[in-house]
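Numbering (our numbering), first residue to last: 18 to 368. Backbone N, C-alpha and C define an ideal beta-carbon position, used for all residues, glycine too.
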Ligand code: NAP
Ligand code: ZN
Ligand code: ZN
């Protein structure tokens, strides 16, 4: 075991503060990563506040959040073949899975039927708690490590490991591309990557944001159209228009209103994870043979595909870099939708 400095939430809803804990000794297939940057995902806020208690196992505190990890390889185990010291690498939302179930075999480790081992707030195969990226280093099996784009800055790429893949996977799965009208609901960390990626895939992109405050940004990111959902006319004007809606909103909103914006055979994919159930009307699905679906991050293979796509198209996240000491302030600003468009912690500030 070796000591590792990090920032943790000591209990649900408590502010995060410095905390020292133990990381395992590297095994034969492990990569030791010096963490340079870690994005702040809204899921970190939901988890440290224990807002998903209805839907998952009991939260583990102290909790070191962080699953948008960009770093450099510091050491490798004797059997590691994919990475060497000095490589620019990333770790996303999970660090292991069973590797034998049909989902794992298809590269869908995020849907492992035995249980995906999340980067934090989970237990590894030995039963030890996992701790995330708000820390100086992490030790991960090489099969769960990603290669980061060489041609783009590491800080702006770290959030691709959750925000990027969470939008890329459904956009690809539901065929976003030329001739498809795609709406992205919520222009936050996930939403802004949805706009960039859907635009790069060739779709016609509309942003549905709660006000017009971010309109200029939306257009700059690649949106063709931008509407405020606070204006009731938006819902009459856009009724039946879209092939695909990706809903990234972290709060309770009326899904029926958005389903009514789908055309025949349209699909709304929910990726935002509010803390309570949302009722929907059967009629809004039957009316035009519409589908309501969900999607969770992406597997290792697809995450690497997304990183390579971003490298080719020179797509990274719009970020605001903060020192770790400002993490609680950053959380408050995320909750007020006051982030353009992802906070990234500079881990050098930990020293
Ligand atoms: P974020 O940066 O806070 O963005 C969420 C956006 O939702 C806000 O920017 C805002 O956009 C909109 N919004 C927030 N509150 C709203 C309200 N009361 N009414 C209407 N719109 C509201 O969060 P994020 O990091 O992108 O994460 C979004 C959600 O996705 C979270 O619930 C997170 O846990 C979840 N998530 C899911 C996955 C997955 O695999 N499915 C992965 C990562 C995150 P506007 O200002 O444009 O309205
Ligand atoms: Zn996330
Ligand atoms: Zn599995």
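inquiry  = Rounded to whole angstroms, what is the Cα-Cα separation between residue 192 and residue 139?
reply    = 33 Å
query = Is residue 111 helix, strand or coil when you go by DSSP?
reply = strand
ask   = Can you find at least 3 beta carbon pairs, one from the stretch 212-228 and one from the stretch 299-310, that sit closer than 8 Å?
value = no
query = Got a sec: does ligand 3 put a non-hydrogen atom nearer than 7 Å to the Cβ of residue 112?
reply = no
ask   = Does the Cβ of residue 72 have 16 or more other Cβ atoms within 10 Å, making it buried, or fewer, making it exposed?
value = exposed
inquiry  = Please report the straight-line C-alpha distance between residue 237 and residue 270, rounded to a whole angstrom.
reply    = 26 Å
request  = With residue 304 as the anchor, note down where its beta strand (DSSP E) starts and where it stops.
outcome  = Segment: none, residue 304 is in no beta strand (DSSP E) and carries neither H nor E.
ask   = For residue 320, does the three-state DSSP call read helix, strand or coil?
value = helix
inquiry  = Within 10 Å of its beta-carbon, does residue 18 have 16 or more other beta-carbons around it, so buried, or fewer, so exposed?
reply    = exposed
message = Please state the DSSP three-state secondary structure of residue 163.
response = strand
request  = Report all residues for which the CB-ligand distance to some heavy atom of ligand 3 is below 7 Å; order them along the chain.
outcome  = 114, 115, 116, 117, 118, 120, 121, 126, 129, 130 and 131
message = Residues in the same chain with beta-carbon distance under 6 Å from residue 197, minus the five sequence neighbours each way, listed in chain order, please.
response = 220 and 260
key: Alpha carbon of residue 166 to alpha carbon of residue 174, nearest angstrom   = 8 Å
task = Anything with a beta carbon under 5 Å from a heavy atom of ligand 2 counts; list them all in chain order.
result = 58, 60 and 179
DSSP three-state assignment for residue 126, whether helix, strand or coil = helix
key: Proximity of residue 225 and residue 246 at Cβ, strictly below 8 Å   = yes
ask   = Should residue 338 and residue 172 be called a contact, given that it needs their Cβ atoms to be closer than 8 Å?
value = yes
Identity of the residue in 279, 267, 318 and 278 nearest residue 294 by Cα = 267
task = On a CA-only basis, which of 152, 28, 215 and 351 is nearest residue 332? Give me that one, please.
result = 215
request  = Determine the DSSP secondary structure at residue 135, reduced to helix, strand or coil.
outcome  = strand
task = Counting only the same chain and skipping the five closest in sequence on each side, list residues whose C-beta sits under 6 Å from that of residue 309.
result = 285
ask   = Counting along the chain, where does the alpha helix (DSSP H) carrying residue 179 start and finish?
value = Taken as a continuous stretch (DSSP letters only), residue 179 belongs to no alpha helix (DSSP H), as it is neither H nor E.
message = For residue 312 and residue 187, which I take to be in contact (beta-carbon distance under 8 Å), what is that distance rounded to the nearest angstrom?
response = 4 Å
ask   = Where does residue 204 fall in DSSP's three states?
value = coil
message = Rounded to the nearest angstrom, what separates residue 342 and residue 82 at their Cα positions?
response = 14 Å
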